[in-house]
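Here the structure is laid out as structure tokens; the discussion comes afterwards.
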Amino acid sequence: MAKIINWRKIESRIGLIEKVEDFYLEDKHYYLLQINFGKALGFKKSVAQMNYFYQKGDLIGKTIVAVTNIAPFQIGPWISEVKVLTISDASGNQLLVVPEKPGIEIGKTLNI
1335 MAKIINWRKI ESRIGLIEKV EDFYLEDKHY YLLQINFGKA LGFKKSVAQM NYFYQKGDLI
1395 GKTIVAVTNI APFQIGPWIS EVKVLTISDA SGNQLLVVPE KPGIEIGKTL NI
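Numbering (my numbering), first residue to last: 1335 to 1446.
Structure (structure tokens):
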């Protein structure tokens, strides 16, 4: 069993996807997302592989949840500054974790 960590150290915020670009790495299709976190953080980039359920146009304007206080990490030529929260279906395809109701302020911190 995993040890309990200090959850208060994890910072998750609401963001709004404003731009999506395609890129391929080793025959895998990824999206480079530009996410607006408002006055709290401004714009951050995230690399995600969620093209099974989402076309680029489906993602633009989508409100998402992301972990925002992690060290940047590299995927291929891109740096991912935040980690968008997803859940895998039975085949491993990624679905976004999204707020249940619209209108939540972007940049807002989640209560964990």
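Glycine included, every Cβ here is placed at the ideal spot set by N, Cα and C.
For this session: Please state if the CB of G1441 and the CB of G1372 are separated by a distance shorter than 8 Å.
Result: It is a contact, given that the beta carbons lie within the stated cut-off.
Problem set entry | Coil, strand or helix - L1419 by DSSP | Here L1419 sits in coil by DSSP.
Problem set entry | Cβ separation of A1400 and I1421, assumed to be a contact under 8 Å, to the nearest whole Å | The beta carbons of A1400 and I1421 sit about 14 Å from each other, so the pair does not count as a contact at 8 Å.
For this session: Please check the pair T1443 and E1355, which I expect to be a contact at CB under 8 Å, by giving their CB distance rounded to whole angstroms.
Result: Not a contact, Cβ separation roughly 27 Å.
Exercise. Tell me which same chain residues have a C-beta within less than 6 Å of the C-beta of W1341, skipping the five on either side of it?
Worked result: Here the set comprises I1446.
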